[in-house]
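Q: Once you've had a glance at the structure underneath, I'll fire off some questions.
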Amino acid sequence: METSNTPHVPAPQVPVMTIERFSELSGLSPDTVRGQLNQGNLPVIKVGRRRLINVALFTAECLQSEDWN
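For the sequence shown, position 1 (counting from the first letter as 1) is numbered 16 according to our numbering, and the numbering increases by one without interruption.
Right, here's the structure in full:
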């Protein structure tokens, strides 16, 4: 039986997340998360005046990254 070297990573329960919630789960400060958003390092969508982190896209990008392998 062939095994994969790719670790199992659970999909996020929600496709988008507030800056505050992402901060809580990642251990990064809200200011650091905002800085990463402003630099374009985290995918974001705007809903009205709010910016939400597109966790689904971020997860997909991480899994496809060459740094992952």
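Note that the Cβ used here is the ideal one computed from N, Cα and C, for glycine as well.
Which whole-angstrom value describes the C-beta separation of V48 and F37, a residue pair presumed to lie in contact below a C-beta threshold of 8 Å?
A: That belief holds up - the Cβ atoms of V48 and F37 are roughly 6 Å apart, short of 8 Å.
Q: For the candidate residues G42, I68, S41, V62, whose alpha-carbon lies nearest to that of N53?
A: I68
Q: For I68, write down the residues that DSSP places opposite it in a beta bridge.
A: M32, V59
Q: If you draw a straight line from the C-alpha of R64 to the C-alpha of D82, how long is it?
A: 34 Å
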